[in-house]
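What follows is one structure encoded as structure tokens, with my remarks underneath.
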Amino acid sequence: MSYVNDVLSDVIRRNPGEAEFHQAVTEVLQSLEPVVEKNPLYQKNGILERMVEPNRAILFQVPWVDDQGVVRVNKGYRVQFNNAIGPYKGGLRLHPSVNLGIIKFLGFEQVFKNSLTGLPIGGGKGGSDFDPKGKSDREVMAFCQSFMTELYKYVGKDTDVPAGDIGVGAREIGYLYGQYKRITGLYEGVLTGKGLTYGGSLARKEATGYGLVYLMEEMLSARGKSFAGKRVVISGSGNVAIYAAEKATQQGGLVVAMCDSTGWIYDEKGVDLDAVKEIKEVKRGRLRLYKDYRPQAEYHEDGVIWDVPCDIALPCATQNELHLDHAQTLIKNGVIAVGEGANMPTTPDAAHAFQQAGVLFAPGKAANAGGVATSALEMSQNSLRLSWTFQEVDQRLKGIMVNIYHQMDQAAQKYGMKDNYIAGANIAGFTKVADTMVAHGVV
Ligand code: NDP
Ligand code: 2IT
Numbered sequence: 259m260s261y262v263n264d265v266l267s268d269v270i271r272r273n274p275g276e277a278e279f280h281q282a283v284t285e286v287l288q289s290l291e292p293v294v295e296k297n298p299l300y301q302k303n304g305i306l307e308r309m310v311e312p313n314r315a316i317l318f319q320v321p322w323v324d325d326q327g328v329v330r331v332n333k334g335y336r337v338q339f340n341n342a343i344g345p346y347k348g349g350l351r352l353h354p355s356v357n358l359g360i361i362k363f364l365g366f367e368q369v370f371k372n373s374l375t376g377l378p379i380g381g382g383k384g385g386s387d388f389d390p391k392g393k394s395d396r397e398v399m400a401f402c403q404s405f406m407t408e409l410y411k412y413v414g415k416d417t418d419v420p421a422g423d424i425g426v427g428a429r430e431i432g433y434l435y436g437q438y439k440r441i442t443g444l445y446e447g448v449l450t451g452k453g454l455t456y457g458g459s460l461a462r463k464e465a466t467g468y469g470l471v472y473l474m475e476e477m478l479s480a481r482g483k484s485f486a487g488k489r490v491v492i493s494g495s496g497n498v499a500i501y502a503a504e505k506a507t508q509q510g511g512l513v514v515a516m517c518d519s520t521g522w523i524y525d526e527k528g529v530d531l532d533a534v535k536e537i538k539e540v541k542r543g544r545l546r547l548y549k550d551y552r553p554q555a556e557y558h559e560d561g562v563i564w565d566v567p568c569d570i571a572l573p574c575a576t577q578n579e580l581h582l583d584h585a586q587t588l589i590k591n592g593v594i595a596v597g598e599g600a601n602m603p604t605t606p607d608a609a610h611a612f613q614q615a616g617v618l619f620a621p622g623k624a625a626n627a628g629g630v631a632t633s634a635l636e637m638s639q640n641s642l643r644l645s646w647t648f649q650e651v652d653q654r655l656k657g658i659m660v661n662i663y664h665q666m667d668q669a670a671q672k673y674g675m676k677d678n679y680i681a682g683a684n685i686a687g688f689t690k691v692a693d694t695m696v697a698h699g700v701v
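Taken in order, the sequence shown gives residues 259 to 701; the numbers are from our numbering.
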């Protein structure tokens, strides 16, 4: 048995039932095989064993009272995965599907992603099985206040800095920040994705989607290609999807389809993003309302968005949303590039199929790193107690995404796996964290 296989079988045995965590760890460790073979120091220092075990996992009860006066109880999580290169950093997800295995997979991915940004941030993730859908603002506030009443003990601007993810945007971050300030009396950058009136960064809202397109543009331009004139399909219609669509359109692409968890729209003239923003950001409504804005567009609740022919596919909704049969359809329809805006949206067999077919494939930990990178820029601005302009933040974001592309490209080439960006991103993200852990000793 190799070192990698030993660690992997231990992970599967010791973390029963955590399918998404197993999936994320398997993908990363398998691509690290040549790296740990070349560097015996990693095994000697138990680096892989220490990387697959979170430093700390906090599980707590979140009691709150709904609008009918009924007491409700949710599960709260914060997994502080690895802080070798900086304070724990990563989002909070509010979705009924959240469980410990999902938070662990996200926290594990975050460690490598954050390393790729080149900024000093470790990895963590948190959340709850609370479902914000259909809740009043007061209920969301009650939940967030209760969540922070426990979480505040473990977070801080130099220890652990949460942010948004699925179901957590400016509204939730505001309520969480207010409660942290009230309990601790501290006015500090303990969260990112804050509102602009209390320490938020310009361009953070746009950053994940914009960053995805910047990375894809760099990958395409290395082959003499670009978004210009390309048909683009984007799953999801939340924060990442909307701003990926905005930037793809600015770059000359035609975004023809988007979706939410109940249905998908097809608009051959190009999706009207102002309509999508109003439906999703203002009304918090369903995408079926899109036909009220654009009667000539199509709305479907059966079939899948991946059946829509496109040149570039950007899965930006959730994990394991793009399966092998979807990949085969996309390949048959001539897709040239796939970029993961979401975390682990592509199943392993689907990702493999893209690579085998010569489709450019950018894995999430590289492609969606623009969000957390800009969160780190928000932390910098908070420390400096000043704010940069939109253009300044956007320029830095672009530079970071271009650099991530080249890091993963070079790491893949160095280990004889040219164009395998899954391996390239894993290796490049791993090396900085692993070398730091060696330097710090067994702690
Ligand atoms: P949002 O909550 O803003 O939007 C999520 C979108 O995905 C919604 O349109 C939602 O539809 C859809 N969706 C969720 N679950 C499903 C599902 N099971 N099937 C189909 N559609 C679904 O979240 P974000 O845009 O912030 O996050 C999207 C992805 O990007 C996640 O994987 C997240 O981890 C990742 N990510 C987010 C970053 C950020 O900065 N926000 C940074 C890096 C990665 P509906 O409205 O119906 O629920
Ligand atoms: O998955 C992610 O990188 C995020 N949800 C963003 C995390 C952050 O700290 O900005």
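C-beta: ideal position from N, C-alpha, C; glycine also.
Item                                                                                                      : Value
Residue range of the beta strand (DSSP E) that includes E556                                              : E556 to H558
Test item: CB-CB of E367 and M666 under 8 angstroms                                                       : no
CB-CB length for L352 against P420, believed under 8 angstroms                                            : At roughly 12 angstroms, the Cβ-Cβ gap does not stay under 8 angstroms, so L352 and P420 are not in contact.
For A627 and L470, the rounded distance between their alpha carbons                                       : 8 angstroms
Euclidean distance between Cα positions of S493 and V514                                                  : 11 angstroms
Contact test: K371 Cβ vs ligand 2 heavy atom, cutoff 7 angstroms                                          : yes
Simplified DSSP assignment, three categories, for Y346                                                    : strand
Beta-carbon proximity list for L588, same chain, < 6 angstroms, skipping 5 on both sides                  : W564 and A571
Residue nearest to K702 in terms of C-alpha spacing, selected from F405, P354, N357 and R336              : The structure shown does not extend to residue 702, since the chain spans only 259 to 701, so no value can be given for it.
Near ligand 1: I594 beta-carbon under 7 angstroms from a heavy atom                                       : no
The region 355-372 touching the region 312-320, judged by at least three CB pairs closer than 8 angstroms : yes
Uninterrupted alpha helix (DSSP H) stretches inside the region 429-497 (no shorter than 4 residues)       : 462-479
Continuous alpha helix (DSSP H) assignments of at least 4 residues falling wholly in the region 616-649   : 622-625 and 627-642
8 angstroms contact criterion, which Y557 and A624 should meet: CB distance rounded                       : The pair is not a contact, with the Cβ atoms about 33 angstroms apart (cut-off 8 angstroms).
Of the residues Q509, F339 and R546, the one placed nearest A555, counting alpha carbons only             : R546
beta-carbon S633 near ligand 2 non-hydrogen atom, thresh 7 angstroms                                      : yes
Opening and closing residue of the beta strand (DSSP E) in which F318 lies                                : R314 to V323
Where the beta strand (DSSP E) through L547 begins and ends                                               : Here L547 belongs to no beta strand (DSSP E), and DSSP marks it neither H nor E.
Buried versus exposed, by CB contacts within 10 Å (16 or more), N251                                      : The structure shown does not extend to residue 251, since the chain is modelled only from 259 to 701, so the question has no answer here.
Among V700, L618 and V701, the one whose alpha carbon lies nearest that of S479                           : L618
6 angstroms Cβ shell around G344 - same chain, five flanking residues per side excluded                   : P378, I379 and G380
Rounded straight-line distance, which links the Cα of R481 to that of V490                                : 18 angstroms
Any 3 or more C-beta pairs closer than 8 angstroms across the region 438-450 and the region 403-416       : yes
Option in S645, F485 and Y663 with minimal Cα separation from K456                                        : Reading off the sequence shown, one finds Tyr at residue 456, where the question assumed Lys. When each option's Cα is compared against that of Y456, the closest is S645.
Residues near R429 in its chain [Cβ-Cβ closer than 8 angstroms; skip 5 each side]                         : D395 and V398
C-beta atoms of Y300 and A608 nearer than 8 angstroms                                                     : no
Neighbour-count burial assignment, P298, 16 or more Cβ in a 10 Å radius                                   : exposed
C-alpha distance - T442 paired with V596, whole-angstrom precision                                        : 44 angstroms
Residues near M675 in its chain [Cβ-Cβ closer than 6 angstroms; skip 5 each side]                         : A681
Status (buried if at least 16 other CB within 10 Å, exposed otherwise) for S355                           : exposed
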